[in-house]
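Notes for the one structure printed next.
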Amino acid sequence: MREIILISFLGPDQPNQFTRLMQVLSAHSLQILDVGQAVIHNQLTLGIVVSSDDQTATALAMKDILILAHEIGLTVRFKPISTSVYEQWVSEGGRTRYIVTALAPELEASHLQAVTKIVSSQGFNIETVTRLSGRPSLDQQNSKPKRACVQFGLSGQMLDAVAMRAACLSLSSELNVDVAVQEDNIYRRNRRLVCFDMDSTLIEQEVIDELAKEAGVGEQVAEITERAMQGELDFQQSFRARVALLKGMDASVLPKIAERLTITEGAEQLISTLKALGYRTAILSGGFQYFAEYLQAKLGIDEVHANNLDVQDGMVTGEVTGHIVDGARKALLLTKIAEQMGISLEQTIAVGDGANDLPMLSIAGLGVAFRAKPLVRQNANQAISSVGLDGVLYLLGVHDKDLTRA
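Be aware that the sequence shown starts at 1, since it is given in UniProt numbering, and climbs by one per residue.
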């Protein structure tokens, strides 16, 4: 008769423990059906599911395990598992699994309680809990931006995706914690292309507003820009109206504006890490090619697509040449780049903040609304507002210890 036993260990983590435990199980020819281990502050939690047809071998193995556990300071428990329960567990291995990522400047028990309450309400079971952020320093003088991230591995079937999304958005507003829910499939672990909006995403400013200040039409342009980003105005129409107000401006101000642009917190860390991991990066911007190319050189972006501001005899004409990069154009460009790379849209990531980013956010495998307008947050797959742009790396499962230096 086949016996199946869950062996659980708890105690101080020490070198060579796992090898010695395996030596005991191997000596008695026990089959390993499952194994999992976690270490927190040098405290070990280890579970091993073993099986054998030889009851005598199983009994001797349990005896030797008890002796070894006592010797190395581990508490051990044995739990028999029936064949029917085990087979049910095996059958559930093919069910859809999800990853929930919680990130904030600081994660408190109230945050995690609220997140896991949402998870439980959807019928999920939490199987793994992983801290992706580094260990926080208690030194008040530490100048590094505060951020914390915990990733939950879930099993089960989502009951209501719309309700879960709404609950996560509400939680973000109430507690300043971002919650991302993703299906844990092969595409999540094999994305290859990341496309960024530029203005208010990779940089903090809206470049056209900076140009308008230099041209003395700042208030008029800023009002149109805000209405366009909120989705109140057609992008192409509003864009042409804003550019027309720049007519007659001396183009010599462009380098000065470029130099004063502020790179968004976390952008350099994000791009350098993506490059080290082999991702291709692109800027798809409703802004201007001159500034996109400036950022391309500064950050090491692979390619850029933006609007060409027409300049004649050193003066801005108030026109643009070529295709206007609006929302539809961004989605088309993302699709074309993916096709050129020979990858599916599921392997792409898009990051933006405005209404004209929604088309590309909606078709990308992972669409992230970054510090976005309410309309965009409500319609994007995921949203990040509580931490810097490098918080996107947590959605890819990247641990702080794996980050490259920006």
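Beta carbons: idealized from backbone N, C-alpha and C, even for Gly.
Where residue i falls, given that 16 or more other Cβ within 10 Å makes a residue buried
{"i": "threonine 128", "result": "exposed"}
{"i": "valine 39", "result": "exposed"}
{"i": "isoleucine 32", "result": "exposed"}
{"i": "leucine 159", "result": "exposed"}
{"i": "leucine 138", "result": "exposed"}
{"i": "aspartate 357", "result": "buried"}
{"i": "proline 105", "result": "exposed"}
{"i": "glycine 327", "result": "buried"}
{"i": "glutamine 55", "result": "exposed"}
{"i": "methionine 164", "result": "buried"}
Boundaries of the alpha helix (DSSP H) in which residue i is found, first to last residue
{"i": "methionine 315", "result": "Segment 315 to 321 is the beta strand (DSSP E) holding methionine 315; no alpha helix (DSSP H) there."}
{"i": "tyrosine 98", "result": "Unbroken run through tyrosine 98 is the beta strand (DSSP E), 97 to 104; no alpha helix (DSSP H)."}
{"i": "asparagine 176", "result": "Counting along the chain, asparagine 176 falls outside any alpha helix (DSSP H), and DSSP gives it neither H nor E."}
{"i": "threonine 19", "result": "17 to 27"}
{"i": "glutamine 289", "result": "289 to 299"}
{"i": "arginine 240", "result": "235 to 244"}
{"i": "asparagine 379", "result": "374 to 379"}
Chain-order list of residues whose beta-carbon lies under 7 angstroms from that of residue i (same chain, five-residue window excluded)
{"i": "alanine 167", "result": "Ile118"}
{"i": "aspartate 199", "result": "Gln205, Glu206, Val207, Ser285, Gly287"}
{"i": "glutamate 210", "result": "Ile257"}
{"i": "arginine 329", "result": "His323"}
Residue interval of the beta strand (DSSP E) (run including residue i)
{"i": "leucine 74", "result": "From DSSP, leucine 74 is part of no beta strand (DSSP E); its letter is neither H nor E."}
{"i": "glycine 367", "result": "366 to 370"}
{"i": "residue 408", "result": "Residue 408 cannot be examined here, being either before or after the span of the chain that is shown, 1 to 406."}
{"i": "aspartate 209", "result": "Counting along the chain, aspartate 209 falls outside any beta strand (DSSP E), though it belongs to the alpha helix (DSSP H) covering 207 to 215."}
{"i": "alanine 127", "result": "For the sequence presented, residue 127 should be read as glutamate rather than alanine. Counting along the chain, the beta strand (DSSP E) containing glutamate 127 begins and ends at 125 to 131."}
Spatial neighbours of residue i in its chain, beta-carbon cut-off 6 angstroms, leaving aside the 5 residues before and after
{"i": "serine 238", "result": "Ile224, Ala228"}
{"i": "valine 387", "result": "Leu103, Arg147"}
{"i": "glutamine 182", "result": "Ile99, Arg188"}
{"i": "asparagine 379", "result": "Leu358"}
{"i": "glutamate 265", "result": "Gly388"}
{"i": "leucine 403", "result": "Thr273"}
{"i": "leucine 299", "result": "Ile271"}
Sub-8 angstroms separation of residue i and residue j beta-carbons
{"i": "arginine 191", "j": "leucine 366", "result": "yes"}
{"i": "leucine 6", "j": "isoleucine 67", "result": "no"}
{"i": "arginine 242", "j": "isoleucine 208", "result": "yes"}
{"i": "glutamate 132", "j": "aspartate 400", "result": "It should be pointed out that residue 132 corresponds to leucine in this sequence rather than to glutamate. The answer is yes: Cβ separation under 8 angstroms."}
{"i": "leucine 295", "j": "leucine 202", "result": "yes"}
{"i": "residue 412", "j": "proline 15", "result": "Since the first residue of the chain shown is 1 and the last is 406, residue 412 is not available in this structure."}
{"i": "glutamate 226", "j": "isoleucine 257", "result": "no"}
{"i": "alanine 369", "j": "alanine 383", "result": "yes"}
{"i": "alanine 69", "j": "phenylalanine 9", "result": "yes"}
{"i": "aspartate 364", "j": "leucine 393", "result": "In the sequence as presented, aspartate is not what sits at residue 364; that position holds alanine. No; because the gap between Cβ atoms is not below 8 angstroms, this pair is not in contact."}
{"i": "aspartate 197", "j": "glycine 352", "result": "yes"}
{"i": "leucine 171", "j": "valine 115", "result": "yes"}
{"i": "asparagine 125", "j": "leucine 154", "result": "yes"}
Cβ of residue i within 8 angstroms of any chain B Cβ
{"i": "alanine 228", "result": "Chain labels in this structure do not include chain B; a single protein chain is all it has."}
One or two residues paired with residue i in a DSSP bridge
{"i": "cysteine 149", "result": "Leu103"}
{"i": "glutamate 303", "result": "Ala282"}
{"i": "aspartate 400", "result": "DSSP, once it has assigned bridges, lists no residue as partnering aspartate 400."}
Close-in-space but distant-in-sequence residues of the same chain around residue i (CB under 8 angstroms, 5 per side omitted)
{"i": "valine 311", "result": "Ala251, Thr317"}
{"i": "arginine 2", "result": "Ser51, Ser52, Asp53, Thr83"}
{"i": "alanine 338", "result": "Leu193, Ser344, Leu345, Gln347, Thr348"}
{"i": "histidine 111", "result": "Ala102, Ala104, Leu175, Val177"}
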